[in-house]
Amino acid sequence: MGDRTAVRRLSPRRWRILSFLAQHGSASTLDVALVCDVSRLTAHRDLVGLYDAGLVRREHSAEDRTHTWWYEATAEGTEVLRRDLAASGRPVPLQLGRRPPSMADGLLFLPLVEVSRRNPGRCELFQWLATMETSAWLRQHDLAHLRADGYGVWLEDGQCLRFLVHIDRGPVGDAIAEQEERTSGLSGLLTGYRRTDRALPVGAVLIIAQDAEREEQLLDDLVREPLSTPVATTSRDSLYRYWPDEQVWQLPGCPCRCRLIEVGTSR
């Protein structure tokens, strides 16, 4: 069992860190520093304090030359957080403490948080829902057949973009032929949208393709069979090289890439 005195004395920031880990699966010290807008040293001290209290565990890969520690909430840490949320009347997130890290967090959520931090007053990631909360949100809008990896609200220069995001995880199944490798799994990203006539409560659907070739296949498909809601694509490589608010998003049939805030208005 952890140090119960330390649990009772947790600062609001450490509660926030524990909540972030329980909802997002795992994070590095740098991730925590970014989300809490503190120095890396401060984040390290807070994580060590949570570790000493038995509320988080940590590990690093023997193959990782940077020796980066990755932290996760322990069962006790999750239970402490669950009790605190319930006692205060706040909702307990689905699968608290039991969800794997989301690719959408690393590709979009954390980079947009960093952009917000660098440009205070000009832009902000106003809201972000992880995968399970996004599923619940879609059910509330009678869109349970959609399976998005996240939902966000991006504010910039007085404009607002609400979006759903999907991550292309690459070829699926036993695709062997080169053409099958290029297209395998892509149709599944759009199937749910082609099955609904309901207006989506978002300004755009964002799809992050595994690579440029698969992004091109997606765009060709969307040109042939366009959706009523704007769909913008990019690739993982683009998001590794540029910030996600920059001109990395491609709309079907448009010659130039646009910025994130422009996605819903660039048709």
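Residues 61 to 327 in our numbering are what the sequence shown spells out, letter by letter. Glycine included, every Cβ here is placed at the ideal spot set by N, Cα and C.
Item	Value
Since R159 sits in a beta bridge, which residues does DSSP pair it with?	Answer is none; R159 lacks a bridge partner.
Since P161 contacts H226 with CB under 8 Å, what's their CB separation in whole angstroms?	Incorrect: roughly 17 Å between the Cβ atoms, too far for contact.
By Cβ distance below 6 Å, which residues in the same chain neighbour D209 in space, the five residues on each side in sequence not counted?	A164, T191, V225, H226, I227
In this structure, how does DSSP classify L250 when only helix, strand and coil are distinguished?	helix
Please look up how many angstroms separate the CB atoms of D91 and L170, rounded, as I've assumed it's under 8 Å.	6 Å
Could you work out which residue in T102, A93, S295, G157 is closest to R229 when comparing CA atoms only?	S295
L221 and V323 - do their beta-carbons sit closer together than 9 Å?	yes
Nearest-angstrom Cα distance between L287 and G166?	27 Å
What's the gap between the Cα of D112 and the Cα of A264?	44 Å
For I236, which of helix, strand or coil comes out of DSSP?	The pLDDT assigned to I236 is 47, lower than 50, so where the model puts this residue is not dependable; a value taken from the coordinates is nonetheless given after this. Residue state, collapsed to three classes: coil.
Do D305 and C183 have their C-beta atoms closer together than 9 Å?	yes
What runs of the beta strand (DSSP E), each 3 residues or longer, lie entirely inside the stretch 196-220?	210-216
So for R274, helix, strand or coil by DSSP?	helix
Less than 6 Å between C-beta atoms, sequence neighbours within five positions excluded: which residues of the same chain meet that for M61?	Caution applies to M61, whose pLDDT of 44 falls short of 50 and renders its modelled position unreliable; the model cannot decide the point.
Within 10 angstroms of the Cβ of Q277, are there 16 or more other Cβ atoms? Answer buried if so, exposed if not.	buried
Among the residues of its own chain, which have a CB less than 6 Å from the CB of P72, if the five just before and after it don't count?	none
Sort A292, R125, W130, L115 by Cα distance to A44 and report the nearest one.	Not covered by the structure: residue 44. The range shown for the chain is 61 to 327.
Skipping 5 residues on each side, what residues in its chain have a beta carbon closer than 8 Å to that of H205?	G252, R255, T256
State the Cα-Cα distance for the pair Q219 and R317, rounded to the nearest angstrom.	19 Å
Since R142 sits in a beta bridge, which residues does DSSP pair it with?	Paired residue(s): none; R142 is not in a bridge.
What is the residue span of the beta strand (DSSP E) that F186 lies within?	183-189
Of the residues H127, T138, D97, W303, which one's Cα is nearest the Cα of L78?	T138
Would you tell me roughly how many angstroms separate the C-alpha atoms of D144 and V116, rounded to the nearest one?	16 Å
Is the Cβ-Cβ distance between W197 and G212 less than 9 Å?	no
Nearer than 8 Å: is that true of the beta carbon of E132 relative to any heavy atom of the ligand HEM?	The ligand HEM is not among the ligands present in this structure, which contains no ligands whatsoever.
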